[in-house]
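Structure first, then comments.
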Amino acid sequence: MNSRDIRQQFLDFFVSKKHKIVPSSPVVPFDDPTLLFTNAGMNQFKDVFLGKGTRDYTRAADTQKCIRVSGKHNDLEEVGHDTYHHTFFEMLGNWSFGDYYKEEAIVWAWELLTEIWKLPKERLWATVYKTDDESFEIWKTKTDINPNHILRFGEKDNFWEMGETGPCGPCSEIHINLTDDLENKNLVNAGTADCIEIWNLVFIQYNRDLKGHLHELPQKHVDTGMGFERLCAVLQNTPPSSDNYSTDVFSPILKKISEISNKEYNKDNKSSFQVIADHIRSLTFAIADGAVPSNEGRGYVLRRILRRAARYGRKLNLHEPFLFKLVDFLVKTMGDVFPELKNNQSTIEKIIKAEEVSFNATLDRGIELFEKLANRLIAENKKVIGGEDIFLLFDTYGFPVDLINIMAKEKEIQLDEKRFNELMNEQKEKARKSSKMKNQINEIALHSLDDFNISENVEQEFLGYDKLESISKVIGTKSDDKILYLIVDKTPFYAEGGGQIADTGEVEIDGNVLRVVNCIKVEDKFVHIIENEKQIPIRNNAEAILKVNRNRRWDVMRNHSATHFLHKALREVLGTHVQQSGSYVGPDRLRFDFTHFEKPKDEELEKIEQIINEKIRENLELNHLRGIPFDEAKKMGALMFFGDKYGEKVNVVQFGDYTLEFCGGTHVGNSSQIGMIKIVSESSIAAGMRRIEAVTGRGVEEYIKVQNEKINEEENKLFSLQE
Ligand code: SER
Numbered sequence: 001m002n003s004r005d006i007r008q009q010f011l012d013f014f015v016s017k018k019h020k021i022v023p024s025s026p027v028v029p030f031d032d033p034t035l036l037f038t039n040a041g042m043n044q045f046k047d048v049f050l051g052k053g054t055r056d057y058t059r060a061a062d063t064q065k066c067i068r069v070s071g072k073h074n075d076l077e078e079v080g081h082d083t084y085h086h087t088f089f090e091m092l093g094n095w096s097f098g099d100y101y102k103e104e105a106i107v108w109a110w111e112l113l114t115e116i117w118k119l120p121k122e123r124l125w126a127t128v129y130k131t132d133d134e135s136f137e138i139w140k141t142k143t144d145i146n147p148n149h150i151l152r153f154g155e156k157d158n159f160w161e162m163g164e165t166g167p168c169g170p171c172s173e174i175h176i177n178l179t180d181d182l183e184n185k186n187l188v189n190a191g192t193a194d195c196i197e198i199w200n201l202v203f204i205q206y207n208r209d210l211k212g213h214l215h216e217l218p219q220k221h222v223d224t225g226m227g228f229e230r231l232c233a234v235l236q237n238t239p240p241s242s243d244n245y246s247t248d249v250f251s252p253i254l255k256k257i258s259e260i261s262n263k264e265y266n267k268d269n270k271s272s273f274q275v276i277a278d279h280i281r282s283l284t285f286a287i288a289d290g291a292v293p294s295n296e297g298r299g300y301v302l303r304r305i306l307r308r309a310a311r312y313g314r315k316l317n318l319h320e321p322f323l324f325k326l327v328d329f330l331v332k333t334m335g336d337v338f339p340e341l342k343n344n345q346s347t348i349e350k351i352i353k354a355e356e357v358s359f360n361a362t363l364d365r366g367i368e369l370f371e372k373l374a375n376r377l378i379a380e381n382k383k384v385i386g387g388e389d390i391f392l393l394f395d396t397y398g399f400p401v402d403l404i405n406i407m408a409k410e411k412e413i414q415l416d417e418k419r420f421n422e423l424m425n426e427q428k429e430k431a432r433k434s435s436k437m438k439n440q441i442n443e444i445a446l447h448s449l450d451d452f453n454i455s456e457n458v459e460q461e462f463l464g465y466d467k468l469e470s471i472s473k474v475i476g477t478k479s480d481d482k483i484l485y486l487i488v489d490k491t492p493f494y495a496e497g498g499g500q501i502a503d504t505g506e507v508e509i510d511g512n513v514l515r516v517v518n519c520i521k522v523e524d525k526f527v528h529i530i531e532n533e534k535q536i537p538i539r540n541n542a543e544a545i546l547k548v549n550r551n552r553r554w555d556v557m558r559n560h561s562a563t564h565f566l567h568k569a570l571r572e573v574l575g576t577h578v579q580q581s582g583s584y585v586g587p588d589r590l591r592f593d594f595t596h597f598e599k600p601k602d603e604e605l606e607k608i609e610q611i612i613n614e615k616i617r618e619n620l621e622l623n624h625l626r627g628i629p630f631d632e633a634k635k636m637g638a639l640m641f642f643g644d645k646y647g648e649k650v651n652v653v654q655f656g657d658y659t660l661e662f663c664g665g666t667h668v669g670n671s672s673q674i675g676m677i678k679i680v681s682e683s684s685i686a687a688g689m690r691r692i693e694a695v696t697g698r699g700v701e702e703y704i705k706v707q708n709e710k711i712n713e714e715e716n717k718l719f720s721l722q723e
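Printed below as a string of structure tokens:
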């Protein structure tokens, strides 16, 4: 049975149990700051589990692209050492949202594994959470598993959590024992390739908050996840082997690596082959979904993955960029299941190649520096490289420590590893503190309404697409010294999102006029951040008159609409490989980051500006479609880059027949209201990534004024010289 059939049989089985098949969400999470990468099938349903979102179905199934390289679920270092952990894998999953619960989840899993796929029952084991008698009984009475094969485990193995916070609950896992020692229960959860977990059935019933406390959810849900590559190994191989790399998911890539390196895949070099085969999948899928290697956050994790693969490549004597050559192959084998690979192939290849080239340069520079250092030591008859020097090579020049090790050995020089480790630990501690702080601030700001005084849990209305003022009712507050956090039943204030910054303005309550300095979304609520110098008490139910700063909002709208025109014009002039990879839309200017592999020529930039200004003058009307089904928007051909929350309603912004994008932001009513656009800068921000900054409307007036002043100044200088 090939992997394609296995995937399809899983989906068909759950269709027969009345599940809706949903698309995998992107590996780059759209709006979850607690995650760098999608790490489980349930991520896209987090809002449903927490009771904050709904879907028009209560049973779903899919194959979800997952990357586990950071945070609570990180398998990076296992790759190359075992045959069943991956940085990228597909997770087959089925879900119930307050619909069926433990019994159906367990019975169906058993049916699929033993009746459809006919896995030998004597090899299967079930584990349950230590106090979960209900699951234990279901396994015992509703399936024909050997009752001695039902085991209880504690939190570590049988309580599943998505991250430090979020939905969680007890789980029941199914393991397969591939050894001849069929009744040996000690093999279960022992972490060997011969007895592995294949399916995890999670019974989501709690939400863990920032303080670590568990809160019972309003409804109980099922979240299951089965490692697709492991399943293929089990179905395609004969015991005792469960090697994922021998399945048709991996073997063709290994063959390709063999071709490129001119080396056989054998026991001596298998780590290199496996690391490369695994990592190229993460890189390809992550870049297809909009991530790019860089020095920060998600981009930095990708950079590390790429560098790890490139280093293992050197062990196969691959010194020139080679990873990018494997992309074509992945596109051919997986592009029909995941069309985003096909659609972005050349961008993915170019980004990977550019990054490989720059890493090679880093390595070359590192080697040169190392040689100088080593020669100096040898000349001075010293035998140890100091910890500070190793740290400098590693930290400042990005030279990998294992290479330093190898080269030092070759020159018979020792390394002061103790001092180096001390310096590394100091640095890690600093990073940990700062990232913890950042996370806490983000999470508190973005994720909790716990300490708000909320009187009504109404669905707030956002009026800001059509109105800049409203008479609203206070439904929640929180005070923190001189800052007031205010929630009202309806608001014209845009909360920061999709690159567009929040509105500012004022609010009048009981005759007091206060300044609104920001507005952010917390758990789907618009929270206005207000300066309340005199600490005026605000009560729920009071009338609040909200007014958005009109001029500032118009500046923002002009910049936001212009961003869509810029995106379109860039694709027209430079090519459709141009993809948005970030943006900032403020009142002062717009910033647009995109993929492109060389500096655009001056003529190209001029042309882009010209096209946009022409389109602006054409007075193209805004067509703003709000809350339309995702599929409908996609059919219209709307551009979408950072992935969207599938299954939800989306907004589409269209200007005439020129631009068409998914967008939640606010816009001018027709293009002529943008006035004019002027590109003020263009620069490189990373390998294969460019940034354009531009001004519109009043910003252009200001720009011309400043330029004129500069010219006048220069002229005056000239005249004074002549005099
Ligand atoms: N969320 C669970 C896991 O990732 C089951 O899907 O294992």
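If you number the sequence shown the way our numbering does, the last residue is 723 and the count never jumps.
Here a beta-carbon is modelled for each residue, glycine too, at the ideal position from N, C-alpha and C.
Distance between residue 498 and residue 243, taken at the CA atoms: about 42 Å. The count of Cβ pairs closer than 8 Å, one atom from the region 200 to 211 and one from the region 22 to 30, stays below three, leaving the stretches out of contact. Taking 8 Å as the cut-off, the Cβ atoms of residue 516 and residue 507 count as close.
For the pair residue 285 and residue 592, the CB atoms are not nearer than the 8 Å cut-off.
Per DSSP, the continuous beta strand (DSSP E) segment holding residue 582 begins and ends at 580 to 585. For residue 676, the CB contacts under 8 Å within the same chain, skipping 5 residues up- and downstream, are 613, 616, 696, 697, 700 in chain order.
For the region 186 to 274, the full-length beta strand (DSSP E) segments reaching 3 residues or more read 195 to 208, 214 to 227 along the chain. Between the region 322 to 337 and the region 659 to 671, the count of Cβ pairs shorter than 8 Å is below three; the stretches do not touch. Annotated three-state conformation of residue 470 is strand, per DSSP.
Taking all protein chains shown into account, residue 347 has 16 or more neighbouring C-beta atoms within 10 Å of its C-beta and is therefore buried. Excluding the 5 residues flanking it on each side, residue 350 has same chain C-beta neighbours closer than 8 Å at 324, 577, 595, 597, 688, in chain order. With fewer than 16 other Cβ atoms from the protein chains shown falling within 10 Å of its own Cβ, residue 706 counts as exposed. The shortest CA-to-CA distance from residue 108 to any of 573, 131, 222, 496 is the one to 222. Residue environment for residue 215: exposed (fewer than 16 other C-beta atoms within 10 angstroms of its C-beta). Taken atom to atom, the span from the alpha-carbon of residue 40 to that of residue 245 is near 21 Å.
By the CB criterion at 8 Å, residue 547 and residue 468 fall inside the cutoff.
Taking 8 Å as the upper bound for CB-CB distance, residue 175 and residue 197 are in contact here, some 5 Å apart.
Rounded to the nearest angstrom, the gap between the Cα atoms of residue 56 and residue 338 is 24 Å. Here residue 490 is buried, its C-beta having at least 16 other C-beta atoms within 10 Å. Your pair residue 455 and residue 463 does not check out as a contact, with CB atoms roughly 20 Å apart and the cut at 8 Å.
Judged by DSSP secondary structure, residue 12 falls within the alpha helix (DSSP H) whose first and last residues are 3 to 16. Per DSSP, residue 127 is one residue of the beta strand (DSSP E) stretching across 124 to 129. In this structure, residue 112 lies away from residue 250, with their beta-carbon atoms at least 8 Å apart. Not one heavy atom of ligand 1 is found less than 7 Å from the C-beta of residue 659. Annotation for residue 108 indicates a beta carbon at 7 Å or more from all heavy atoms of ligand 1. For residue 191, the number of other beta carbons within 10 angstroms of its own is below 16, and it is reported as exposed.
Boundaries cannot be given for residue 26, as no beta strand (DSSP E) includes it and DSSP labels it neither H nor E. With respect to the 8 Å criterion, residue 79 and residue 275 are classified as neighbours on the basis of their beta carbons. Per DSSP, the beta bridge partners of residue 659 are 655. Non-local beta-carbon contacts of residue 217 in its own chain, meaning distances under 8 Å to residues more than five positions away in sequence, involve 49, 50, 51, 167, 204, 205, 206, 207 in chain order. According to the DSSP secondary-structure assignment, residue 60 is paired through a beta bridge with 20, 95. Checking the 7 Å criterion, the Cβ of residue 160 is within range of a heavy atom belonging to ligand 1. Nearest to residue 151 by alpha-carbon distance, out of 260, 184, 228, is 184.
Relative to ligand 1, even the nearest heavy atom lies 7 Å or more away from the CB of residue 54.
Leaving aside the five residues that flank residue 691 on each side, the residues in its chain whose CB is nearer than 6 Å to its CB run, in chain order, 593, 683, 685. In the three-state scheme derived from DSSP, where H, G and I count as helix and E and B as strand, residue 317 is classed as coil.
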